[in-house]
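Accompanying notes for the structure given below.
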Amino acid sequence: AIQALPLVESGTADAYGFGDRELALACASHTGEAAHVELAQAMLAKAGLDKTALECGAHWPSNHDATIALARAGGVPNALHNNCSGKHAGFLCTCVHAGIAHRGYVKAGHAQQEMVRDAMQSVTGAAHDVDRCGT
(Lines of atoms letter the chains of each structure in order from A; the text may use other names.)
(Lines give C-alpha, C1' and ligand atoms only; values in the text may rest on other atoms or scores of the structure.)
Protein backbone atom coordinates (compact mmCIF):
# COMPACT_ATOMS: atom_id res chain seq x y z
CA ALA A 71 0.00 0.00 0.00
CA ILE A 72 2.92 2.36 0.64
CA GLN A 73 3.78 2.20 -3.07
CA ALA A 74 0.40 3.79 -3.83
CA LEU A 75 1.00 6.84 -1.61
CA PRO A 76 2.37 8.97 -4.47
CA LEU A 77 -0.85 8.25 -6.39
CA VAL A 78 -2.82 9.88 -3.58
CA GLU A 79 -0.34 12.47 -2.33
CA SER A 80 0.30 13.86 -5.83
CA GLY A 81 -3.40 14.52 -6.35
CA THR A 82 -3.58 11.96 -9.16
CA ALA A 83 -6.30 9.85 -7.53
CA ASP A 84 -8.51 12.90 -7.06
CA ALA A 85 -7.77 14.28 -10.53
CA TYR A 86 -8.85 11.02 -12.17
CA GLY A 87 -11.79 10.42 -9.84
CA PHE A 88 -10.37 7.24 -8.38
CA GLY A 89 -12.39 5.75 -5.55
CA ASP A 90 -12.04 2.79 -3.24
CA ARG A 91 -11.91 0.19 -6.02
CA GLU A 92 -9.09 1.87 -7.92
CA LEU A 93 -7.12 2.59 -4.76
CA ALA A 94 -7.50 -1.02 -3.61
CA LEU A 95 -6.22 -2.28 -6.98
CA ALA A 96 -3.25 0.12 -6.80
CA CYS A 97 -2.41 -1.06 -3.27
CA ALA A 98 -2.39 -4.82 -3.66
CA SER A 99 -1.89 -7.73 -5.99
CA HIS A 100 -4.90 -9.20 -7.77
CA THR A 101 -5.75 -12.56 -9.28
CA GLY A 102 -6.36 -11.55 -12.90
CA GLU A 103 -10.12 -11.91 -12.88
CA ALA A 104 -12.08 -9.99 -15.53
CA ALA A 105 -13.12 -7.30 -13.03
CA HIS A 106 -9.46 -6.67 -12.12
CA VAL A 107 -8.32 -6.54 -15.74
CA GLU A 108 -11.17 -4.19 -16.69
CA LEU A 109 -10.49 -1.86 -13.76
CA ALA A 110 -6.76 -1.64 -14.49
CA GLN A 111 -7.61 -0.92 -18.13
CA ALA A 112 -10.08 1.81 -17.08
CA MET A 113 -7.46 3.38 -14.81
CA LEU A 114 -5.00 3.56 -17.69
CA ALA A 115 -7.66 5.03 -19.97
CA LYS A 116 -8.19 7.92 -17.52
CA ALA A 117 -4.57 8.88 -18.23
CA GLY A 118 -4.92 8.36 -21.98
CA LEU A 119 -2.92 5.12 -21.89
CA ASP A 120 -3.55 1.48 -22.64
CA LYS A 121 -2.00 -1.88 -21.74
CA THR A 122 0.99 -1.25 -24.01
CA ALA A 123 2.29 1.29 -21.48
CA LEU A 124 2.56 -1.37 -18.76
CA GLU A 125 6.11 -2.60 -18.14
CA CYS A 126 5.19 -5.31 -15.64
CA GLY A 127 5.09 -8.17 -18.13
CA ALA A 128 2.32 -10.68 -18.75
CA HIS A 129 1.37 -13.90 -17.04
CA TRP A 130 -1.69 -16.08 -16.72
CA PRO A 131 -4.22 -15.09 -14.06
CA SER A 132 -3.55 -16.70 -10.71
CA ASN A 133 -7.28 -17.30 -10.34
CA HIS A 134 -7.94 -20.78 -11.74
CA ASP A 135 -11.39 -19.95 -13.12
CA ALA A 136 -10.06 -16.80 -14.83
CA THR A 137 -7.24 -18.81 -16.41
CA ILE A 138 -9.65 -21.45 -17.69
CA ALA A 139 -12.04 -18.80 -19.05
CA LEU A 140 -9.23 -16.97 -20.83
CA ALA A 141 -7.85 -20.19 -22.34
CA ARG A 142 -11.29 -21.44 -23.42
CA ALA A 143 -11.93 -18.12 -25.16
CA GLY A 144 -8.68 -18.61 -27.07
CA GLY A 145 -7.16 -15.64 -25.31
CA VAL A 146 -3.61 -15.11 -24.24
CA PRO A 147 -2.57 -13.25 -21.12
CA ASN A 148 -1.31 -9.70 -21.41
CA ALA A 149 0.13 -7.24 -18.91
CA LEU A 150 -3.35 -6.45 -17.57
CA HIS A 151 -3.51 -10.03 -16.23
CA ASN A 152 -0.29 -9.49 -14.27
CA ASN A 153 -1.09 -9.54 -10.56
CA CYS A 154 0.61 -6.14 -10.19
CA SER A 155 -1.09 -4.36 -13.12
CA GLY A 156 -3.20 -2.23 -10.76
CA LYS A 157 -0.12 -0.97 -8.96
CA HIS A 158 1.57 -0.31 -12.28
CA ALA A 159 -1.54 1.46 -13.60
CA GLY A 160 -1.31 3.71 -10.55
CA PHE A 161 2.35 4.40 -11.27
CA LEU A 162 1.57 5.31 -14.87
CA CYS A 163 -1.36 7.54 -13.94
CA THR A 164 0.87 9.37 -11.46
CA CYS A 165 3.49 9.92 -14.17
CA VAL A 166 0.97 11.33 -16.64
CA HIS A 167 -0.68 13.56 -14.04
CA ALA A 168 2.70 14.89 -12.88
CA GLY A 169 3.92 15.47 -16.44
CA ILE A 170 6.67 12.88 -16.09
CA ALA A 171 7.63 10.76 -19.10
CA HIS A 172 6.37 7.30 -18.21
CA ARG A 173 8.69 5.13 -20.29
CA GLY A 174 11.07 3.21 -18.04
CA TYR A 175 8.95 3.87 -14.93
CA VAL A 176 10.06 0.50 -13.50
CA LYS A 177 13.74 1.48 -13.42
CA ALA A 178 15.26 2.48 -10.09
CA GLY A 179 16.35 5.91 -11.29
CA HIS A 180 12.97 6.91 -12.74
CA ALA A 181 11.15 9.79 -11.03
CA GLN A 182 8.18 7.51 -10.23
CA GLN A 183 10.41 5.04 -8.39
CA GLU A 184 12.06 7.92 -6.55
CA MET A 185 8.59 8.99 -5.32
CA VAL A 186 7.93 5.43 -4.14
CA ARG A 187 11.34 5.26 -2.48
CA ASP A 188 10.68 8.59 -0.70
CA ALA A 189 7.30 7.31 0.51
CA MET A 190 8.85 4.08 1.81
CA GLN A 191 11.56 5.99 3.66
CA SER A 192 9.04 8.46 5.08
CA VAL A 193 6.68 5.77 6.37
CA THR A 194 9.27 3.30 7.63
CA GLY A 195 12.04 5.65 8.73
CA ALA A 196 14.53 3.32 7.05
CA ALA A 197 16.97 4.76 4.57
CA HIS A 198 17.13 3.24 1.10
CA ASP A 199 20.22 1.15 0.51
CA VAL A 200 21.55 -1.53 -1.80
CA ASP A 201 21.46 -5.17 -0.77
CA ARG A 202 25.08 -6.27 -0.87
CA CYS A 203 24.33 -9.94 -0.28
CA GLY A 204 27.27 -12.08 -1.25
CA THR A 205 29.74 -9.24 -1.67
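Heads up: the sequence shown begins at 71 in this note's numbering, then just goes up one per residue. Think of the CB as a built atom: it goes at the ideal place given N, C-alpha and C, for glycine as much as any other residue. Please read all numbers here as calculations on a predicted model, not as lab measurements.
So which of the options has the shortest CA-CA distance to residue i?
i, options, result
"G156", "G195, E103, A171 and E184", "E103"
"L150", "A128, C163, E92 and H167", "A128"
"A94", "Q182, D199 and C154", "C154"
"S216", "D201, A168 and H198", "Residue numbering for the chain in the displayed model covers 71 to 205; residue 216 lies beyond these limits and cannot be assessed."
"S99", "V200, A197 and A71", "A71"
What does a CB cutoff of less than 6 Å around residue i pick up in its chain, not counting 5 residues either side in sequence?
i, result
"A96", "A74, L77, G156, K157 and G160"
"W130", "T137 and P147"
"G174", "H180"
"V166", "A117"
Cutting at 8 Å between CB atoms, please list the residues of its own chain near residue i, excluding the five before and the five after it.
i, result
"L114", "D120, K121, A123, L124, A159, L162 and C163"
Along the chain, where does the alpha helix (DSSP H) that runs through residue i open and close?
i, result
"H167", "S155 to A168"
"T194", "A181 to T194"
"C97", "D90 to C97"
"A105", "A104 to K116"
"V176", "Neither: V176 is in no alpha helix (DSSP H) and is coded neither H nor E."
Any contact of the stretch 141-159 with the stretch 97-116, i.e. 3+ C-beta pairs under 8 Å? yes
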